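Q:
Numbering (our numbering), first residue to last: 12 to 465.
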């Protein structure tokens, strides 16, 4: 059963086909919500392989047959204008209706960053998960209204953490691009890599075999048996779109219901990643998790701040000597959806970056903050592919107007150059810098640069 608050990742149908599709969805939802049985279906491999408990498909116990159950379903096929928040007074294409799409819905043509529209509950299932023999009625219930919150329904709740304390509540504020659930084992091909990386803060070796891992979670009351985990890399950027995605590989797995040992696990990408650094910058990694039948990928499909199915690792880690040899680091801005954006760069205290505990491999010990002895800034935006200035060759790039603390940007296909001239932070310390992009006061992406002391 798919939660309406999580729909949006499929094909949008218009007209009669759209009505038929929504009718079938609602009937399927009602029946599966009462019976609560998960059916196994055959799916194509999509270039990956199934990872059923370390590569072996185990026999799965099926529940005893459920006796015939009376189910009364009242379906409302209308798409009321109140479901649309664009202010046009008419439904939008997100619901399969033949009306103009609006900017607030993913896939719309108007200006504005796509947003996630969560469903609401009418409280019908105030007692929790429905049992066999119950009656599910949906008189006049809109497309985004459910009988209860997803955590009270017999459904999976898949996600990838954005930080150590993440429990999948979205949208996120603050830093969301430093996921502790995405790992790299450098210099080792997947066939030779262990099931779990021995070091969690590893950084990829350029041009060599690297193995990617992801720690995936299910906080739902139901297991998920057909979980697809996708691994992607992007050139260094703040915002993401599917047109810039580079698929590394996929893997299938299963996750048990919450409060069980099998509700989370580390999975390994079966395909090697040979990183190629653009402008000296470490590529960004994105991992997505979904189950097409019970918890499909929702919109926006690449936004980790709004979508719990998406995790991002936008982190560039280098030693002090590597930083000295790399005075300019290029960072793309990403799609702006026909609205201006503001960019900013700032130093950050190392204590505000829990991800550094993966580097020390110690939950109690992190890295100290190095002393600020130089400058940090970004250049004005230029088109992607255009030459960035060699900021290391200029004694005072701020003094001659080459860098600043931030600025505005308009239009897609832009990039900025990052530079930091702080010295070696010293053993046990690090310099942490964050470049961020925002629109209408909301941060849409970031890129973190870490210089580890020697």
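Just so it is clear, CB atoms sit at the ideal spot from N, CA and C, and this is done for glycine as well.
These numbers come from a predicted model, not from an experiment.
Assuming the contact rule is C-beta atoms closer than 8 Å, residue 441 and residue 463 should be a hit. Round their C-beta distance to whole Å, please.
A: Their Cβ separation, rounded to whole angstroms, is 5 Å, which keeps residue 441 and residue 463 in contact under 8 Å.
Q: Classify residue 367 as helix, strand or coil using the three-state DSSP reduction.
A: Correct three-state label for residue 367: helix.
Q: Give the DSSP bridge partners of residue 446, in chain order.
A: Paired residue(s): 356 and 458.
Q: Select from 356, 361, 370 and 375 the residue whose C-alpha is nearest the C-alpha of residue 391.
A: The residue with the shortest Cα to Cα distance from residue 391 is 356.
Q: What do you get for residue 258, buried or exposed, if any count of 16 or more other CB atoms within 10 angstroms of its CB means buried?
A: Result: exposed.
Q: Roughly how far, in whole angstroms, is the beta-carbon of residue 344 from the beta-carbon of residue 448, given that I think they are within contact range, below 8 Å?
A: Correct: roughly 6 Å between the Cβ atoms.
Q: So within the segment 151-228, which uninterrupted beta strand (DSSP E) runs reach at least 3 residues, ignoring any that extend past its ends?
A: Here the runs fully enclosed are 193-197.
Q: The alpha helix (DSSP H) that contains residue 333, what's its start and end?
A: Start and end: 331-336.
Q: Could you check the C-alpha separation between residue 453 and residue 178 for me, to the nearest Å?
A: Their Cα atoms are separated by approximately 21 Å.
Q: Could you tell me which uninterrupted beta strand (DSSP E) segments, each at least 3 residues in length, are contained entirely in the segment 241-311, listed from first to last along the chain?
A: Listed in chain order, the complete beta strand (DSSP E) runs (minimum 3 residues) inside the segment 241-311 are 257-266, 275-279 and 295-301.
Q: How long is the line joining the alpha carbons of residue 14 and residue 230, rounded to whole angstroms?
A: Residue placement at residue 14 is flagged as unreliable, the pLDDT there being 39, under the threshold of 50; the coordinate-derived value follows with that caveat. Distance between the alpha carbons of residue 14 and residue 230 is about 14 Å.
Q: State the DSSP-derived secondary structure class of residue 404, mapped to helix, strand or coil.
A: Helix at residue 404.
Q: Which first and last residues belong to the beta strand (DSSP E) in which residue 321 is found?
A: From DSSP, the beta strand (DSSP E) with residue 321 extends over 321-324.
Q: Have a look at residue 403 and residue 284 and give me their C-alpha separation to the nearest angstrom.
A: Using only the alpha carbons, I get a separation of about 30 Å.
Q: Below 8 Å on the Cβ atoms is my contact criterion, and I expect residue 317 with residue 297 to pass it. Report the Cβ-Cβ distance as a whole number of Å.
A: Wrong, their Cβ atoms sit about 14 Å apart, outside the cutoff.
Q: For the beta strand (DSSP E) containing residue 414, list its first residue and its last residue.
A: No beta strand (DSSP E) holds residue 414; DSSP gives it neither H nor E.
Q: I want to know whether the segment 155-163 touches the segment 220-235 - three or more CB-CB distances under 8 Å.
A: Judged by Cβ distances under 8 Å, the segment 155-163 makes contact with the segment 220-235, as three or more pairs qualify.
Q: Look up residue 128 in the DSSP assignment and give the residues it is bridged to.
A: Beta-bridge pairing links residue 128 to no other residue.
Q: Could you tell me the distance, in whole angstroms, from the CA atom of residue 422 to the CA atom of residue 123?
A: About 12 Å.
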